[in-house]
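> Quick note: the sequence shown uses my numbering, first residue 102, plus one each step. We treat Cβ as the ideally placed atom computed from N, Cα and C, and that holds for glycine.
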Amino acid sequence: MSLRSKVITLYKNLLHLGKDWPTGYDFFRHRLHKAFTKNKDVNDPEEIKKLIKHGEFVQKEIEALYMLKKYRTLKRRYNIGNNSPQQ
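This is how it looks when you write it as structure tokens:
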């Protein structure tokens with residue numbers, strides 16, 4: 102897979118994750134676009150690989166945040182981990 106296609110795939114994946122961003126999709130999309138545009142002139146393959154690794158890290162962090170939010174919501178709704186019933 103070429104570096105260009107990896108960058109495009111990463112951008113699309115992050116864009117998809119932004120649909121559930123707490124401050125809104127438009128805010129996320131604008132920030133994502135700005136971050137990718139800032140590095141558009143990078144031509145060194147090693148630097149591009151480094152930026153892709155960073156983007157993949159950010160993607161995993163966002164996924165972890167969504168899972169944590171989901172877990173906390175379920176815990177709050179179903180009172181998981183609390184042995185005494187609520188009155």
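Classify Gly-125: buried if its beta carbon has 16 or more other beta carbons within 10 angstroms, exposed otherwise.
It is exposed - the Cβ of Gly-125 has fewer than 16 other Cβ atoms within 10 Å.
> Can you tell which of Leu-118, Leu-152, Glu-162 has the C-alpha that lies nearest to the C-alpha of Phe-137?
Ranking the options by Cα distance to Phe-137, first place goes to Leu-152.
> Only counting the same chain, and skipping five residues up and downstream in sequence, which positions put a Cβ closer than 7 Å to that of Phe-158?
So the list is empty, once near-sequence residues are dropped.
> Under DSSP, the alpha helix (DSSP H) around Met-168 begins and ends at which residues?
Where Met-168 is concerned, the enclosing alpha helix (DSSP H) stretches over 146–179.
> Hey, Gly-119 and Arg-130: beta-carbon distance below 9 Å or not?
Result yes, Cβ atoms of Gly-119 and Arg-130 sit closer than 9 Å.
> My assumption, with CB atoms under 8 Å, is that Leu-116 sits in contact with Leu-133. Please give the rounded CB distance.
Leu-116 to Leu-133, Cβ: 6 Å. Contact.
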